[in-house]
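Okay, structure first, notes after.
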Amino acid sequence: MAHPKRKISKTRRDKRRTHYKATAPKIAVDAVTGEAHLYHRAHWHEGKLYYRGQVLIDNAEEVEA
């Protein structure tokens, strides 16, 4: 019966057994602007903040005080 010459550490053993892999982030394309962005994230395009195709913030508008 085969025996290892040295003890395998728990960390080394667990690294070998893991199935966790890094994945690339999902990229979406906004239908209104055509801008690529991360899913479920608002993104800026030409001074406007878009989320799900709608303008949330428009920097071109002046704020009345």
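Counted the way full-length UniProt numbering counts, the sequence shown spans residues 1 to 65.
All residues carry an ideal CB built from backbone N, CA and C; glycine is no exception.
Cβ separation of residue i and residue j, assumed to be a contact under 8 Å, to the nearest whole Å
i, j, result
"residue 31", "residue 37", "Not really, about 12 Å apart at Cβ, beyond 8 Å."
Beta-carbon gap between residue i and residue j smaller than 8 Å
i, j, result
"residue 50", "residue 60", "no"
"residue 19", "residue 33", "no"
Paired residues, beta bridge with residue i - DSSP
i, result
"residue 49", "44, 57"
"residue 37", "28"
Residue i versus the options, residue with shortest Cα-Cα distance
i, options, result
"residue 39", "46, 26, 20", "26"
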